[in-house]
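*Asks:* For the sequence shown, the working numbering gives the first residue as 10, with consecutive numbering after it. Each residue gets a CB set at the ideal place from its N, CA and C atoms; glycine is no exception. These figures come from a predicted structure and were not determined experimentally.
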Amino acid sequence: MGVLIKEALVIGWPLLALIAGLFVYSLVSIKDPAARKRATFKLFIGMIAACMLMVAVAHYKGSFYEANRMLPA
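1. Can you tell me the Cα-Cα spacing of F50 and A43, whole angstroms?
2. May I have the straight-line CA-CA distance separating A59 from G71, to the nearest angstrom?
3. Which word fits M63, buried or exposed, when buried means at least 16 other C-beta atoms lie within 10 angstroms of its C-beta?
4. For I14, name the three-state secondary structure that DSSP assigns.
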């Protein structure tokens, strides 16, 4: 499992950096505390979803792409 997460971070670090940049931008630009809390929650959920997506892509890459470079039948 650790290898899969490491591969996911190698593949998806630009996406996570983009989401972190959006997080910083939203904290700076949103002045309303309630809207800031909603934006923080949505960005946190986005980070979790991006991590799950990258783990799925890394699993796909490790299971199918490296073996014979063909899609499963």
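*Replies:* So, from the data block:
1. 11 Å
2. Near 18 Å, if we compare the C-alpha coordinates of G71 and A59.
3. buried
4. helix
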